[in-house]
Amino acid sequence: MEPTRKTPALRRLLDPELIAVVGASDTSFYGRVTLENLRTHGFTGRIVPVNPRATTVQSLPCVPSLDDAGPVDLVVSAVAREHLLDVVESAARAGAAGVVTITTGLAETGDPYWVDVEARAIAAAAAADMVLIGPNCLGMIGRRQGAVAWGAPLPWRLERGGTALIMQSGGMLAGSFAAMSAYGVGLSFGASIGNGAGVGVADWLRVCTELPDVSQVGMVLEAVPPWEQLSEAVRALRERGTRLYALKSGRSAAGAKAAATHTGALVGSPAVASDLMRQLGIQECASMGGLAAALALGDRFGVPKGTNLAVFTASGGAASVVADACADRAIGLDPFGCATREALAGKVGILDVSNPLDVGGQALSEPDEFAEAVARVAADPAVGAVLYVPTLGLPDDRLPDHQKLLGHVVAAATTSATAVVVTQLTYSDAVSSVIEQHRDARSVLLTPSIEHALDAIGSWLAAA
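Residues 1282 to 1745 (the working numbering) make up the sequence shown, in order.
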């Protein structure tokens, strides 16, 4: 199927009016969970369960076969691999735009018989102008109409927004949904590619070029498609200001073996993949936590106004640790501008106006001066992001004085166009509750660790 013919079908799948779930069930995991997700995440269209052994599923009227469902936009296959070809042929007769194939055990097994079955299913879909997503995926979601055709639990609040997620691994995408929810990042769509022989990364990027609400794309790639597949769509997205981030897995021998076992991906040379992404302007991320937090930064702050990172700590030891971590990631900590240095001199007992800035314990005694110092640094025109690292971890109400300092940081951030990030050096048991408390504070981003924060800040500043 020609790439340009896939785009209209994929767009229709993101905004379907009728979804049929083949293998819908009250008990079987994938058929049960897919139906639950469509019902609980606000799908605005009609759902038709398909199961020859039931008349109702989860209180919805059930039909025995897809041929009895009437015209369908999207079909979810949650049945065994032996039935996949029948599902695809029935979906074609129903006029579907495509089949989301949660079914596993096909080409990824390496067994010639099942490799052939997958190829025949893709060919049958293409002959009917349908797309086949997967197999061996968890599905896809389109947030505009709540089309959560997803075969794994989604207990999180998923907002609508400008972030698209494209990943080969359904499990990684599910974890990313959890992170996006925790950070309050709104989604346009999320797609699990699975084996990806029918619909791949480049196909979904072409869809992004036609969705004006997509402002950034996050990807986890086991294999990077060739230049000729990616370049046109990536160039179009970059020209309109869409930011693209990717984590490349399979960089080690063990990782490459795991990717091949997982989806049959041939991961290729890590150096070649990194060079391709660099030439295309796709910002490579070092970790899943960094990818998620970079998307959160982009969602909150758009494009940074400067390229310098300013760091505040309340400990000289912490300042040294953060400086080392920045150096490991090639994140520059440039000196502040002259006006900023003059404004900071003597504030909160600061003796050396350097970056990182150690404000010491005196900030607890002079919180107003601390707040002024944060505001001054955030106003420095070269500073694109401010990082505050409280030494006792993200503070809850057991640390009222430290919590007050965090409040001053949040207040200072609201008057600035600069991204303000708060994180911690080590684990604290308050981390989830404090992040949730500030989830909707659009002027500041709280992350669970210094690694997440710096991996994200490095990618975000570089993407600008």
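Cβ coordinates follow ideal geometry from the N, Cα and C atoms, glycine included.
- In the displayed model, Asp1633 falls within coil according to three-state DSSP, outside both helix and strand.
- In summary, Val1592 is buried, with 16 or more beta-carbon neighbours lying within 10 Å of its beta-carbon over all protein chains present.
- The beta carbon of Ala1335 sits closer than 7 angstroms to those of Cys1343, all from its chain and outside the five residues before and after it, given in chain order.
- The three-state secondary structure of Glu1565, taken from DSSP, is strand.
- The DSSP assignment places 1664–1670 as complete runs of the beta strand (DSSP E) inside the stretch 1610–1682, in order along the chain (cut-off: 3 residues).
- Taking all protein chains shown into account, Asp1721 has fewer than 16 neighbouring C-beta atoms within 10 Å of its C-beta and is therefore exposed.
- Put simply, of Val1480, Pro1352, Leu1572 the residue whose alpha carbon is nearest the alpha carbon of Met1453 is Leu1572.
- Excluding five sequence positions before and after Arg1519, the CB atoms of its chain that fall closer than 7 angstroms to its own CB belong to Gly1562, given in chain order.
- For Gly1442, the secondary structure class from DSSP, reduced to helix, strand or coil, is strand.
- For Ala1591, the uninterrupted beta strand (DSSP E) segment begins and ends at 1589–1594.
- As the crow flies, the alpha-carbon of Ala1693 is around 15 angstroms from that of Gly1665.
- Secondary structure at Ser1697: coil, using DSSP grouped into helix, strand and coil.
- In the DSSP assignment, Val1488 is bridged to no other residue.
- As computed with DSSP, Trp1431 is found in a beta bridge with Gly1420.
- Phe1310 sits in a helix when the DSSP states are folded into three classes.
- Cβ contact annotation for Glu1298 (same chain, cutoff 6 angstroms, sequence separation greater than five): Gly1326, Asp1354, in chain order.
- Per the DSSP secondary-structure output, Lys1529 pairs in a beta bridge with Leu1502.
- Between the alpha carbons of Thr1490 and Arg1292 lies a gap of roughly 11 angstroms.
- With respect to the 8 angstroms criterion, Val1368 and Val1381 are not classified as neighbours on the basis of their beta carbons.
- Secondary structure at Gly1471: strand, using DSSP grouped into helix, strand and coil.
- Taking the C-beta atoms as reference points, Ala1301 is found nearer than 8 angstroms to Val1329.
- A contact between stretches requires three or more CB pairs, one per stretch, nearer than 8 angstroms, and the stretch 1470–1487 meets this requirement with the stretch 1399–1419.
- Under the 10 Å beta carbon count, Cys1566 is surrounded by 16 or more other beta carbons and is classified as buried.
- The three-state secondary structure of Val1360, taken from DSSP, is coil.
- Rounded to the nearest angstrom, the Cβ distance from Thr1288 to Arg1487 is 5 angstroms, consistent with a contact under 8 angstroms.
- A straight-line Cα-Cα distance of about 27 angstroms links Arg1401 and Leu1316.
- Each residue's CA atom was taken as its position, placing Asp1307 and Arg1313 some 5 angstroms apart.
- From the listed residues Gly1351, Ala1656, Met1411, the smallest Cα separation to Val1667 is found for Ala1656.
- Counting the other CB atoms within 10 Å of its CB gives Phe1310 a total below 16, which places it among the exposed residues.
- Distance check between Trp1437 and each of Leu1446, Val1702, Val1701, Val1466 places Val1466 closest, using alpha-carbon atoms only.
- Burial is judged here by how many other beta carbons sit within 10 angstroms of a residue's own beta carbon; Ala1611 has fewer than 16 and is exposed.
- Proximity to Val1360 across Leu1341, Asn1332, His1719 peaks at Asn1332, based on C-alpha coordinates.
- Looking at the DSSP output, Gly1479 bridges to nothing.
- Judged by their CB atoms, Leu1576 and Gln1497 are nearer to each other than the 8 angstroms cut-off.
- Every unbroken stretch of the beta strand (DSSP E) spanning 3 or more residues and falling wholly within the stretch 1706–1743 is given here in chain order: 1725–1727.
- Taking 8 angstroms as the cut-off, the beta carbon of Leu1295 is found closer than this to the beta carbon of Gly1423.
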